[in-house]
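Q: Numbering (our numbering), first residue to last: 13 to 139.
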Amino acid sequence: MRNAALRALVGGALLLAGAGPLTGCGVLGGNNTAAVCDDTKKAFQQYMSQVRALPANQPAPWGQAVQQLAGKVDGLAAKAEDAALKKTLREEAKRLREAAGPAGTGDMAALDGVMKNTPTRIGAACD
C-alpha cells in the first residue's frame, strides 16, 4: 500500500511542478476559464497537501480525500462557462470518484492512473 500510495502522490505532484500542462491554464478570454483553471490547480494543490499527511497504511482516509477532491472538481465544472472545460472537469470528477472506492480499500492502481493523466487532460482544456 505504501508504495502505491506514494506513486499516486508522485503522479499528482505533476500538477504542482510548474512545468506541467496546467501552467497554461486560462489562456482563453471572454469567460471565466482562467479563474476556473486557477481554482482547479489550487484544488489539486490542497489535495496534495492533505494526502501528504495521511498514513500510507490506513487506506480509508485516502478514499475520503479523493472523494473530496472529486466534489471540488465537480463544483468547478458547474462554474465553468467554457463547454470543453466543463466537460473535462466533469469527466475528471467521475474518474476521481471511481478511483476513490478502491483507494479507500488500499488499491491505488486506479488513482495512480487518474493522477498520472490528469495534468494532460485538464491542461488541454485550460490551454
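Note that the Cβ used here is the ideal one computed from N, Cα and C, for glycine as well.
Any idea if ALA77 is buried or exposed, counting beta-carbon neighbours within 10 angstroms, 16 or more meaning buried?
A: Along the sequence shown, one-based indexing puts residue 77 at 65. Looking at its Cβ environment, which holds 16 or more other Cβ atoms inside 10 Å, ALA77 is buried.
Q: What residue range is occupied by the uninterrupted alpha helix (DSSP H) comprising MET127?
A: By one-based count along the sequence shown, residue 127 stands at place 115. Where MET127 is concerned, the enclosing alpha helix (DSSP H) stretches over 121-138.
Q: Helix or strand or just coil, what does DSSP make of GLN57?
A: In the sequence shown, counting from the first residue as 1, residue 57 sits at position 45. Residue state, collapsed to three classes: helix.
Q: From GLY75 to PRO114, what distance separates their C-alpha atoms?
A: By one-based count along the sequence shown, residue 75 stands at place 63. By one-based count along the sequence shown, residue 114 stands at place 102. So the two alpha carbons sit approximately 7 Å from each other.
Q: ASP86 and ARG102 look like a contact to me (Cβ under 8 Å); what is the Cβ gap, rounded to whole Å?
A: Position 74 of the sequence shown, counted from the start, is the residue given in the question as residue 86. Position 90 of the sequence shown, counted from the start, is the residue given in the question as residue 102. Right, the Cβ-Cβ distance comes to about 7 Å (below 8 Å), so this counts as a contact.
Q: Am I right that ASN129 and LYS91 are in contact with their C-beta atoms under 8 Å? What's the rounded C-beta distance?
A: By 1-based counting over the sequence shown, the position of residue 129 is 117. By 1-based counting over the sequence shown, the position of residue 91 is 79. The Cβ separation is near 23 Å, so there is no contact.
Q: Can you look up THR52 in the DSSP assignment and give me helix, strand or coil?
A: As a position in the sequence shown, residue 52 is number 40, starting the count at 1. In the structure shown, THR52 sits in a helix (DSSP, three-state: H, G or I).
Q: Output needed for TYR59: all residues of its chain with C-beta closer than 6 Å, excluding positions within five of it in sequence on either side, in chain order.
A: For the purposes of this step, residue 59 is taken as the residue at position 47 of the sequence shown. Here the set comprises LEU81.
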